[in-house]
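Quick note: the sequence shown uses the numbering used here, first residue 9, plus one each step.
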Amino acid sequence: MGFECCHPVINLLYFAAVIAASVLFRQPVFLAISYISAFAYSVKRNGRRAVLFNIGLLPLAALFALYYWSYHHFGVTVLFRNFIGNSMTLESLFYGVTLGLQAAAVVMWMRCVFSVFTTDKVVYLLGRISPRLSLFLAVLLRMEPRAKTQLFRINTARRAIGRGSDQGSFFRRLPNDLKIFSMLVMWLLESLAELSNAMRNRGGALPGRTAFSLYHPDNRDRAFAVVFSAALTGVLMAMLLGQTDMIFDPALLMVPFTVASGFFCAAYAVLCLLPMGMELFSRLRFERQRKRI
């Protein structure tokens, strides 16, 4: 019902645009928009767990900023000198904070990517390029949940004879864990061999193989593409005019904020908040239709 229901190409283009913008844009307003949008959308996609995870990124960003500040001493605004006489400057501290927030924003956007992209979408996108690679990834992605299930079965069976991974002392658990891991590796090798023979017998390695999919663009994808293109155009104009960059060495310097800058920031905010707006609109429309029934 939300952004995950859009065409995989739309999902790919959108996340490529916002992640690239989060990496390239260093102007404080654009950086704040990227961070807040990524925070809000990751919470919308992943629930309460995302709140704790995203808040936990802030101390890590602060630690990185302090680390960067202690080793890089460029800039003209000296705050103080450390115990070995190096200048601790405002410019290096501000640049370290910027890099930390950029990394935090990218991590949050990647959590959104993992929640939106399913195995079918990855197989579809790669299947258009290389059907063999698509088949290979489908086999590997399917193997991961099967391996978890098999690991649970092996551990349950060994617990019945007192040799589970959580039974006995530390010196007894270690060989138990190694034996369980050995059994799981043997099962994986046998399963991969069986899958390889099955795919070969079904013609998976024959030339001219194509990829089947049920994804077709609809009016929702077209509407999203129109709004996305308009917002992206405004963001690209901001890049060309230098509105998204900032100079840190030797002093903090950026383009003065004008009415045009407000327009570019609004276009970037629309770009970043577009999936959330789409999901909220779909939810509201669904609730209205349900009330009519």
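Even glycine gets a Cβ: it sits at the ideal position worked out from N, Cα and C.
Nearest residue (CA-CA) to residue i, options the options
{"i": "Leu247", "options": "Asp174, Phe271, Ala233 and Asp229", "result": "The question names Leu, yet the displayed sequence has Met at residue 247. Looking at the Cα atoms, Phe271 is the closest of the given residues."}
{"i": "Pro264", "options": "Asn227, Thr252, Met191 and Ala274", "result": "Thr252"}
{"i": "Gly93", "options": "Tyr79, Gly104, Pro153 and Asp185", "result": "Tyr79"}
{"i": "Thr126", "options": "Tyr49, Leu182, Phe11 and Asp174", "result": "Phe11"}
{"i": "Ser42", "options": "Lys52, Ser30, Tyr49 and Lys129", "result": "Ser30"}
{"i": "Leu74", "options": "Glu99, Asn62, Ala58 and Phe61", "result": "Glu99"}
{"i": "Asn54", "options": "Lys156, Phe256, Met284 and Ile301", "result": "Met284"}
{"i": "Ala111", "options": "Ile18, Trp77, Leu68 and Arg140", "result": "Leu68"}
{"i": "Phe23", "options": "Arg298, Arg171, Phe236 and Lys187", "result": "Phe236"}
{"i": "Leu261", "options": "Pro139, Phe102 and Arg296", "result": "Phe102"}
{"i": "Ala155", "options": "Ser190, Val51 and Glu287", "result": "Ser190"}
{"i": "Arg140", "options": "Ala259, Met207 and Leu66", "result": "Met207"}
{"i": "Pro153", "options": "Glu295, Ile137, Leu196 and Phe179", "result": "Leu196"}
Pair within 7 Å by beta-carbon distance, residue i and residue j
{"i": "Val86", "j": "Ser95", "result": "yes"}
{"i": "Ala239", "j": "Ala275", "result": "yes"}
{"i": "Leu159", "j": "Leu192", "result": "yes"}
{"i": "Ala46", "j": "Met116", "result": "yes"}
{"i": "Leu279", "j": "Val243", "result": "yes"}
{"i": "Val114", "j": "Ile27", "result": "yes"}
{"i": "Leu109", "j": "Leu60", "result": "no"}
{"i": "Gly82", "j": "Asp257", "result": "For the record, residue 82 in the displayed sequence is Phe; it is not Gly. Result yes, Cβ atoms of Phe82 and Asp257 sit closer than 7 Å."}
{"i": "Lys129", "j": "Pro16", "result": "yes"}
{"i": "Val124", "j": "Asn205", "result": "no"}
{"i": "Ser177", "j": "Ile188", "result": "no"}
{"i": "Arg167", "j": "Asn184", "result": "no"}
Beta-carbon separation (whole angstroms), residue i vs residue j, contact threshold 8 Å
{"i": "Arg228", "j": "Cys14", "result": "7 Å"}
{"i": "Arg34", "j": "Met254", "result": "5 Å"}
{"i": "Leu120", "j": "Tyr49", "result": "A small fix is needed here, since residue 120 is Cys in this sequence, not Leu. Between Tyr49 and Cys120 the Cβ distance is about 5 Å, and since that is below 8 Å, they are a contact."}
{"i": "Leu32", "j": "Phe72", "result": "With 8 Å as the limit, Leu32 and Phe72 do not qualify as a contact, their Cβ atoms being about 19 Å apart."}
{"i": "Cys273", "j": "Val51", "result": "So it is not a contact: roughly 22 Å between Cβ atoms."}
Closer than 7 Å to chain B by CB, residue i
{"i": "Ile44", "result": "Although the question refers to chain B, the structure presented lacks it and comprises just one protein chain."}
Is it the case that the region 158 to 173 contacts the region 125 to 134, given that we only count it when at least three CB pairs across the two stretches are under 8 Å?
no
Is there contact between the region 137 to 153 and the region 197 to 212, where contact requires at least three CB pairs shorter than 8 Å?
yes
Could I get the ranges of all uninterrupted alpha helix (DSSP H) runs contained in the region 126 to 173, with 4 residues as the minimum, in chain order?
127 to 135 and 139 to 167
Run through the region 74 to 128 for me and flag every whole alpha helix (DSSP H) of 4 or more residues, listed as ranges in chain order.
98 to 124
Could you pull out every unbroken alpha helix (DSSP H) segment of at least 4 residues lying fully inside the region 175 to 209, listed in chain order?
178 to 209
At 4 residues or longer, what runs of the alpha helix (DSSP H) sit wholly inside the region 220 to 280?
227 to 248
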